[in-house]
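At position 226 of the sequence shown the residue is numbered 226 (full-length UniProt numbering), and the sequence of numbers has no breaks. Even for Gly, the Cβ is constructed at its ideal location relative to N, Cα and C.
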Amino acid sequence: MKRILLCLVVFTGVSCTELQQVVNQLPQGTVIGNAEIAQGLREALNLGIEKQVNKLSFKDGFFKNELVKILLPEELRKVDKTLRDVGLGNLADEGLRILNRAAEDAVGEATPIFVDAVKGITFNDARQILLGNDDAATNYLERATKTKLYDKFNPIIDNSFKKVGADQIWKNIITKYNSLPLTSDVNPDLTDYTTNQALNGVFTMISIEEKEIRTKISSRTTDLLKRVFALQD
């Protein structure tokens, strides 16, 4: 920093008064410890949950969001195509919609789980994460918590399937498909599949907010976020 300021004086003839004005505009208190950086990262992740993940809990939060919309697993895409080919497109649409409804319902119930996960996360090297990629904190959160979150999320998805009738709808779809000639029976674990897809969607939305905070100063809505993320500018 001193070298930069010296260059300004030597090469541009900046006056002392003008130089002081430049110094006054520089970020203050940039000596920040690992603990404060970690707290800033947690705050950014919490904003991702508050501003982005909550959107997923509303009707069509997954279904009409192309970034996270849950499509059929590979083994069921032939089911979808076959049903549409024989004039059962409405049944196929309802099957796809119900997967996303279950995820939307589950995210609404599971948001506190993500909040607690962020509170408890320990950043081993917060500064390195801060200076990493635009989604470094989100990726760290995913690696540190996804297995535990899956164990908590899966039964919620399972209950959500029952709550919105997905289990019965898909039973009808699979039964109808398996009764068609020249088809092979399928029986995928939709609860496991939807759980993983819903979690991926949640982390995708958190990463969007993290990138906003990293790249747009206007998205840093607290003093802590301003101080911490100024270090990576």
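Assigned secondary structure, residue i (DSSP; H/G/I helix, E/B strand, else coil)
i           : result
residue 232 : coil
residue 81  : helix
residue 221 : coil
residue 247 : Because the chain in this structure spans residues 1 to 233, residue 247 falls outside the shown range and cannot be described.
residue 65  : coil
residue 242 : The displayed coordinates of the chain run from 1 to 233. Any statement about residue 242 would go beyond what the structure contains.
residue 87  : coil
residue 185 : coil
residue 28  : Bear in mind that the predicted position of residue 28 carries a pLDDT of just 48, short of 50, making it too unreliable to give a figure here.
residue 76  : helix
residue 7   : For residue 7, the pLDDT reaches just 41, beneath the cut-off of 50, and the residue's location in the model is therefore unreliable, leaving the point undetermined.
residue 23  : In this prediction, residue 23 scores a pLDDT of 38, lower than 50, which makes its location untrustworthy; the coordinate-derived value is nonetheless stated afterwards. Here residue 23 sits in helix by DSSP.
residue 226 : helix
Residue i and residue j closer than 8 Å at C-beta
i           : j           : result
residue 209 : residue 51  : yes
residue 203 : residue 138 : yes
residue 106 : residue 153 : yes
residue 54  : residue 145 : no
residue 46  : residue 118 : yes
residue 246 : residue 207 : There is simply no residue 246 to check, as the chain begins at 1 and stops at 233 in what is shown.
residue 228 : residue 37  : yes
residue 190 : residue 82  : no
residue 157 : residue 94  : no
residue 73  : residue 177 : no
residue 113 : residue 149 : yes
residue 41  : residue 205 : no
residue 65  : residue 126 : no
residue 130 : residue 231 : yes
residue 213 : residue 44  : yes
residue 220 : residue 226 : yes
residue 58  : residue 104 : yes
residue 224 : residue 39  : yes
residue 123 : residue 140 : yes
Span of the alpha helix (DSSP H), counted from its first residue to its last, around residue i
i           : result
residue 197 : 190-215
residue 45  : 34-48
Beta carbon proximity, residue i to chain B, threshold 8 Å
i           : result
residue 155 : Chain labels in this structure do not include chain B; a single protein chain is all it has.
Inside the segment 103-175 only - alpha helix (DSSP H) runs reaching at least 4 residues: 126-130, 136-164
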